[in-house]
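*Asks:* Can you keep this structure in mind? I'll have questions shortly.
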Amino acid sequence: MRIAPVLIALCFLCVGVTGPVMADRREQTLLEYGSQCAREIGEIPPFDCNSGTEIPITVDGKPPRPEESPKYCDRPSLLVPEKETSEQCMPHSRILNLSRGATQISAYCRQNSPRKQPTSFFDEVVVVLHHAGNGKTCWFQSKPETKTDGIDTSRVPPPNEKKPPPGHIAAVEFWKTPAEVAAPKRNCISCHDAGPFILSPFIAQVWDKVPTDPLGKYSNIGTAFESQHVQVMSTPGNTCVGCHRIGTDQSCKFYLGFSTGTAAPGNNKVANSYPLSHWMPTNNNMSHAQWDAANVKSVHALLNCCKDPNLTVS
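Residue numbers (mature numbering (1 follows the signal peptide of the UniProt record, and there is no 0)): -23 to -1, 1 to 291.
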């Protein structure tokens, strides 16, 4: 479908700042960052990954056998959307909602390689800490484990914990520093460019276990993240932004196309067929024709904005 050029001139760009610039630009340690996040957002409690909800993997509607590790599946993870990897469909990852009140905490324990189950060993742990009132957000990612078959997650330490209980790993040994988390070109904020919690076909299966704040305040604190600004865009009457923001980074490059059927994430036939190919909006119960009538114009308007999101209306 060719969209009239006038749509390009109707892009509104909003810039979200990541918080006040701090006078002291010395790199924060993990404990300093963890303490700031706990103070301004809330404490992350210690947790066991196995207390979380397992995220299903199905192939043609059926779960794989215990010994199987399918490369393709119906609802793949999109953590590496531009690549085909066996990790997209690895079974036994888990999600935990550790929220209380306005303090929203989502913990994701990821399996990247097959293991005999049950196990307390995972390949990666990530935590998003967000305050639904003030919008402040913090990001934590585990260090890669090279000495054993994964990371022991029987007790994941709070990132501000100075001394662990006897026999347990210390926070500074478990978590990357904030500078390490913020350093990659494609980091947390580049993917979570529309909000702190991101949907995928994989996560959609356990979306009731994920805290959400799609239109609330959103900023990132900590010296490592102070230069990473969030940009969001809209067009008049756009159906997509009526539910959540649309960012100008990875949302433009991958997620907007993958979630609306205009790009295929390179997985199996079920994943690339309607309705799973159109996993936005959530709980899609429309026919394909109904979906197109409701959303195609809005999607193409945003895709045009992605070509030059700095265009604004005077």
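All C-beta atoms, glycine included, are put in the ideal place defined by N, C-alpha and C. All values reported here derive from a predicted model rather than from experimental measurement.
Which same chain residues, not among the five before or five after Asp226, have their C-beta less than 6 Å away from its C-beta?
*Replies:* Against the sequence shown, residue 226 aligns to sequence position 249. Ser167, Asp170.
*Asks:* Reducing DSSP to helix, strand and coil, say where Ala(-1) ends up.
*Replies:* If you number the sequence shown from 1, residue -1 lands on position 23. Its pLDDT being 41, under 50, Ala(-1) is placed unreliably by the model, and the measurement read from it follows with that caveat. In this structure, Ala(-1) counts as coil in the three-state DSSP scheme.
*Asks:* Only counting the same chain, and skipping five residues up and downstream in sequence, which positions put a Cβ closer than 6 Å to that of Ala(-1)?
*Replies:* Within the sequence shown, numbered from 1, the residue matching residue -1 stands at position 23. Residue confidence is low: Ala(-1) scores 41 on pLDDT, short of 50, so the model does not pin down where it sits. Its coordinate-derived value is still stated next. Once the five neighbours on either side are set aside, Ala(-1) has no close Cβ partner at all.
*Asks:* If you reduce the DSSP assignment to three classes, tell me which class Ala42 lands in.
*Replies:* Within the sequence shown, numbered from 1, the residue matching residue 42 stands at position 65. Correcting the residue type first, residue 42 is Arg in the shown sequence and not Ala. Coil, per DSSP.
*Asks:* Give the secondary structure of Glu157 by DSSP, where H, G and I count as helix, E and B as strand, and everything else as coil.
*Replies:* To locate residue 157, count along the sequence shown from 1; it is residue 180. It is helical.
*Asks:* If Pro53 sits next to Pro178, beta carbons under 8 Å apart, how far is it from one beta carbon to the other, in whole angstroms?
*Replies:* Position 76 of the sequence shown, counted from the start, is the residue given in the question as residue 53. Position 201 of the sequence shown, counted from the start, is the residue given in the question as residue 178. Contact flag correct, Cβ pair sits at about 6 Å.
*Asks:* Could you give the distance in angstroms between the alpha-carbon of Asp269 and the alpha-carbon of Pro40?
*Replies:* The count along the sequence shown starts at 1 and reaches residue 269 at position 292. The count along the sequence shown starts at 1 and reaches residue 40 at position 63. In a straight line, the C-alpha of Asp269 is about 31 Å away from that of Pro40.
*Asks:* Answer with buried or exposed for Leu279, where buried requires no fewer than 16 other C-beta atoms within 10 angstroms of its C-beta.
*Replies:* Translated into the one-based positions of the sequence shown, residue 279 becomes position 302. Leu279 comes out buried.
*Asks:* Could you tell me the alpha carbon to alpha carbon distance between Val36 and Leu176, rounded to whole angstroms?
*Replies:* Against the sequence shown, residue 36 aligns to sequence position 59. Against the sequence shown, residue 176 aligns to sequence position 199. Answer to the nearest angstrom: the Cα atoms are 20 Å apart.
*Asks:* Return the residue from the list Ser76, Val276, Pro43 that minimises the CA-CA distance to Gly219.
*Replies:* Here the question's residue 219 lines up with position 242 in the sequence shown. For Gly219, the nearest C-alpha among the options comes from Val276.
*Asks:* Below 8 Å on the Cβ atoms is my guess for Phe174 versus Ser76; work out the distance and round it to an integer in Å.
*Replies:* Against the sequence shown, residue 174 aligns to sequence position 197. Against the sequence shown, residue 76 aligns to sequence position 99. Not confirmed; about 11 Å, so no contact.
*Asks:* Any idea what DSSP makes of Phe99, helix, strand or coil?
*Replies:* Counting from one through the sequence shown, the residue named residue 99 turns up at place 122. Phe99: strand per DSSP, three-state reduction.
*Asks:* What does DSSP give as the partner residue(s) for Thr114 in the beta ladder?
*Replies:* Here residue 114 refers to the residue found at position 137 of the sequence shown. Beta-bridge pairing links Thr114 to His107, Asn197.
*Asks:* By alpha-carbon positions, which one of Tyr85, Val158, Pro213, Cys217 ends up nearest to Ile198?
*Replies:* The residue labelled residue 198 in the question sits at position 221 within the sequence shown. For Ile198, the nearest C-alpha among the options comes from Val158.
*Asks:* Considering Cα atoms alone, identify which of Asn287, Thr96, Cys115, Ser97 is closest to Val105.
*Replies:* On the sequence shown, residue 105 is found 128 positions in, with the first residue counted as 1. Out of Asn287, Thr96, Cys115, Ser97, Cys115 has the C-alpha closest to the C-alpha of Val105.
*Asks:* Within the same chain, show all residues whose beta-carbon is closer than 7 Å to that of Val187, passing over the 5 residues directly before and after it, in chain order.
*Replies:* For the purposes of this step, residue 187 is taken as the residue at position 210 of the sequence shown. If we look at Val187 and ignore the five residues flanking it on each side, its Cβ neighbours are Ile72, Asn74, Ser83, Phe174, Ile180.
*Asks:* What does the alpha-carbon distance come out to for the pair Pro155 and Tyr10?
*Replies:* In the sequence shown, residue 155 corresponds to position 178, counting from 1. In the sequence shown, residue 10 corresponds to position 33, counting from 1. When rounded, the distance between both Cα atoms is 7 Å.
*Asks:* Assuming the contact rule is C-beta atoms closer than 8 Å, His145 and Pro136 should be a hit. Round their C-beta distance to whole Å, please.
*Replies:* For this step, residue 145 is matched to residue 168 along the sequence shown. For this step, residue 136 is matched to residue 159 along the sequence shown. No, His145 and Pro136 are not in contact; Cβ-Cβ is about 14 Å, not under 8 Å.
*Asks:* Could you give the DSSP three-state label for Tyr10: helix, strand or coil?
*Replies:* The count along the sequence shown starts at 1 and reaches residue 10 at position 33. Looking at Tyr10 - three-state DSSP - the assignment turns out to be helix.
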